[in-house]
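These notes are about the structure you will find just below.
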Amino acid sequence: MWFRNKESDLENQLVDIYGTMKSSVMGLSKSEAQKIARQMLLQAKEKVKQYGFDRLPPNFGDHILQKEKEDPKFMNMNVK
Numbered sequence: 808m809w810f811r812n813k814e815s816d817l818e819n820q821l822v823d824i825y826g827t828m829k830s831s832v833m834g835l836s837k838s839e840a841q842k843i844a845r846q847m848l849l850q851a852k853e854k855v856k857q858y859g860f861d862r863l864p865p866n867f868g869d870h871i872l873q874k875e876k877e878d879p880k881f882m883n884m885n886v887k
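Numbering-wise (the working numbering), the sequence shown opens with residue 808 and increments by one.
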């Protein structure tokens, strides 16, 4: 039995949305535009892994926002 996961569903939706946009803006066929969109998604996922963002805990953004509320200098300390 084949199971789909939320990640693949979301990725397929993104490829469809961006493929449609690229198709209409760039005048490409839908399949060619979706191919480009999928390549872009794969490149983005590679960058996420390269920078280690795939190992961040869930809701990490919420944690950062809370720290910023507690200490306004927090973001300035972490921006390079």
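All C-beta atoms in this analysis are idealised placements derived from N, C-alpha and C, irrespective of residue type, glycine included.
The alpha-carbon separation between K854 and M847 amounts to approximately 11 Å.
For the 8 Å CB-CB criterion, L835 and K829 form a contact. Taken through DSSP and simplified to helix, strand or coil, K880 comes out as coil.
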